[in-house]
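These notes are about the structure you will find just below.
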Amino acid sequence: MKTIKQLTIVGVTFFFLGIAISTNSIASSSQDTTVTGAVEQVWEDGFRLNTGERTIRVDSWNVYGDNTPDNVAVGDRLTITREFDDGEFNADSISD
């Protein structure tokens, strides 16, 4: 009987620990981040930004739709606020 109680306590502990870990992962994956860098390449709905430390592929559709080349040019120095989602950075705001 003592072994069953111990196993139950261990199982419940891991269950709640699993919920805490998965909730934390969800929260951190949708957190906004701001970065600044120089535009290296532009396409229809996005661009590549070099921060000096890394290069980021930015989806700018939420800001410019399919008109990114009308608003962003290679060499522009931009600050973007973005959300990491499904392996890509989705820009919420873009400023120079």
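Residue numbers (the working numbering): 8 to 103. From the three backbone atoms N, C-alpha and C, an ideal C-beta is built for every residue, glycine too. In this text, all values refer to a predicted model and were calculated from it rather than measured experimentally.
Looking at the structure shown, is residue 75 part of a helix, part of a strand, or coil, going by DSSP? helix
Residue span of the beta strand (DSSP E) that contains residue 52, given as start and end: Premise fails: residue 52 is in no beta strand (DSSP E) and is neither H nor E.
Mapping the DSSP letters down to three states, classify residue 107 as helix, strand or coil. Residue coverage of the chain in this structure runs from 8 to 103, which leaves residue 107 outside it and unanswerable.
Going by DSSP, name the residue or residues bridged to residue 46. 56
Name the DSSP bridge partner or partners of residue 80? Bridge partners of residue 80: none, in fact.
Taking the straight line between their C-alpha atoms, what separation do you get for residue 41 and residue 89? 6 angstroms
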